[in-house]
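This report concerns only the one structure given below.
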Amino acid sequence: MSYLENGSTLRAMFRLTPPMRHDADPTRSEVVAYIRENLRCELGRAIRAFDSMRHLKSAVLIYDRIHRQWRGCDWVPAEEVDKISLLMSVVTELKRDISSLRSELRKVKNEMVSLRRRKGGRKDEEVADSQDDPEPEQQQAAPPEEKAADGEDWFKAMRAALAEGDKASPSSVPLP
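Structure (structure tokens):
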């Protein structure tokens, strides 16, 4: 929010700006000249203020695509017929935005469905592969809960294996 010397904001000062044309050359721009007159400042500050106010987040100045002019966000024409015309064009523009958002949403939904199908297909393939080649139980990692519960069993199995290792088998006994 940009505060002016008198304590007001740019929004409060320019929200009712009437429609004006903007030119790439700031010296010929009606909007920049209007801002410069009202702020009583140099050209550079007026350009910065215009850039700040036309940004989508602040939306103090709104670009009318039909008439190719900039206007204040709260500006409405003085005549009733023109007010209705302006509101109808705003409604039409909103309808266009809604339809484009709906089409984008449809595309994203279709992508999600196709990804789920692919993932589901891969899952079925993995299950089929695992049934063909069962992996040894030693290579499969158990969840941490099972590891903690089977800790004592593991120690018992290791002790039994070491006890059996103490008894030499005939193939591992060195020849005299």
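Counted from 1, the sequence shown has number 151 at position 71 by this note's numbering; the numbering is strictly sequential. The C-beta atom is built at its ideal place from N, Cα and C for all residues, glycine as well.
Could you tell me if Met238 is buried or exposed, where buried requires 16 or more neighbouring beta carbons within 10 angstroms of its beta carbon? Translated into positions along the sequence shown, residue 238 becomes position 158. Classification of Met238: exposed, given that the 10 Å Cβ count is below 16.
Once DSSP output is grouped into helix, strand and coil, what is the label at Ile146? On the sequence shown, position 66 is the one that residue 146 refers to. The answer is coil: DSSP assigns Ile146 none of H, G, I, E or B.
Taking its Cβ as the centre, do 16 or more other Cβ atoms sit within 10 Å of Arg128, making it buried, or is it exposed? To locate residue 128, count along the sequence shown from 1; it is residue 48. So Arg128 counts as exposed.
Exposed or buried, Thr172, counting other C-beta atoms within 10 Å across all chains shown (16 or more means buried)? If you number the sequence shown from 1, residue 172 lands on position 92. Its Cβ having fewer than 16 others within 10 Å, Thr172 is exposed.
Identify whether Arg151 lies in helix, strand or coil by the three-state DSSP scheme. Along the sequence shown, one-based indexing puts residue 151 at 71. Three-state result, Arg151: strand.
I think Leu141 touches Arg148, with their Cβ atoms under 8 Å apart; what is that distance to the nearest whole Å? Here residue 141 corresponds to residue number 61 of the sequence shown, with the count starting at 1. Here residue 148 corresponds to residue number 68 of the sequence shown, with the count starting at 1. Contact flag wrong, Cβ pair sits at about 14 Å.
Residues bridged to Leu141 [DSSP beta-bridge criterion]: As a working note, residue 141 is residue 61 in the sequence shown. Per DSSP, Gly152.
Around the C-beta of Leu90, are 16 or more other C-beta atoms found within 10 angstroms, so that it is buried, or is it exposed? In the sequence shown, residue 90 corresponds to position 10, counting from 1. So Leu90 ends up on the buried side.
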